[in-house]
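Engineer:
Residue numbers (our numbering): 7 to 267.
1) Which complete beta strand (DSSP E) runs does the region 174–257 hold, if anything under 3 residues is left out?
2) So for residue 33, helix, strand or coil by DSSP?
3) Which of the three DSSP states is assigned to residue 139 in this structure?
4) Which residues does DSSP list as the beta-bridge partners of residue 134?
5) Residue 12 by DSSP, collapsed to three states: which one?
6) Residue range of the beta strand (DSSP E) that residue 23 falls in?
7) Compare the beta carbon distance of residue 178 and residue 233 with 8 Å and say whether it is the shorter of the two.
8) Return yes when the Cβ of residue 174 is within less than 8 Å of the Cβ of residue 244, no when it is not.
9) Can you tell me the Cα-Cα spacing of residue 247 and residue 221, whole angstroms?
10) Taking 8 Å as the cut-off, decide whether the C-beta atoms of residue 196 and residue 169 are in contact.
11) May I ask you to report which of helix, strand or coil DSSP gives residue 266?
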């Protein structure tokens, strides 16, 4: 039987897959997916390259302007909220609102050729796995962007918790700005595997690992999944500490968050 190559040019995680089941996980119920089966890896790679060239959006600048106006409108609305109502919010939500209100709204977003807003997320943890561990999250939309977040992890201080909470907050920040299409750039292969492989299996087997133990981060993963609802999301894995600017900035914010206990 000849080897088949499934090229996903537009899907949850673009790339080349060896089985239809893997391909289907990336394109099923994804808005306007682009994919095709080939009999050689070279053809599949050429297909993805060609689609990347032809799928450029002409309205990227307009979209950035629209998102900026929405963000500014949200800012004005938040400024009208009473102090009493703010005090009633939980600590996590309150800290994020203050973070936004104390910065000038620029409305500049890094938008890719398909009209997706880029955000970089990262988690950091000192003494990971130990009693005195401290973990922080970093969310980076751009230099000095009002949606950027640097804060301590809520709950167990582990690196995985930080990675999960960073994405959860990034999704909430995006919704505040009226963003619909979000490209999440992360160096966490753990997160990518959770979304594309493990979570569907865990849901089917009652949230048990392969050795029949409860999934430790179940609650946080479900919170992340809920925060991502109504967003069109593309996941992009980047290499950590490889000089990728957005990833380096998110890492800097995450490490700063470790000291905010």
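Ideal placement from N, C-alpha and C gives every residue a C-beta, glycine not left out.
Structural biologist: Taking the coordinates as given:
1) With a minimum length of 3 residues, the continuous beta strand (DSSP E) runs that stay inside the region 174–257 are 187–192 and 238–243.
2) Taking the first residue of the chain shown as 1, we reach residue 33 at position 27. Here residue 33 sits in helix by DSSP.
3) As a position in the chain shown, residue 139 is number 133, starting the count at 1. The answer is coil: DSSP assigns residue 139 none of H, G, I, E or B.
4) In the chain shown, residue 134 corresponds to position 128, counting from 1. DSSP, once it has assigned bridges, lists no residue as partnering residue 134.
5) Numbered from its first residue, the chain shown carries residue 12 at position 6. The answer is strand: DSSP assigns residue 12 an E or B state.
6) Residue numbering aside, residue 23 sits at position 17 when the chain shown is read from its first letter. Per DSSP, residue 23 belongs to the beta strand (DSSP E) from 21–23.
7) The sequence position of residue 178 within the chain shown is 172, counting from 1. The sequence position of residue 233 within the chain shown is 227, counting from 1. Yes. Within cutoff.
8) Start at 1 with the first residue of the chain shown, and residue 244 comes out as number 238. Start at 1 with the first residue of the chain shown, and residue 174 comes out as number 168. Taking 8 Å as the Cβ cut-off, residue 244 and residue 174 do not qualify as a contacting pair.
9) Here residue 247 refers to the residue found at position 241 of the chain shown. Here residue 221 refers to the residue found at position 215 of the chain shown. Cα-Cα distance, rounded: 29 Å.
10) Counting from 1 along the chain shown, the entry for residue 196 is found at position 190. Counting from 1 along the chain shown, the entry for residue 169 is found at position 163. Yes, they are a contact pair.
11) Within the chain shown, the letter at position 260 stands for residue 266. In the structure shown, residue 266 sits in coil (DSSP, three-state: anything other than H, G, I, E or B).
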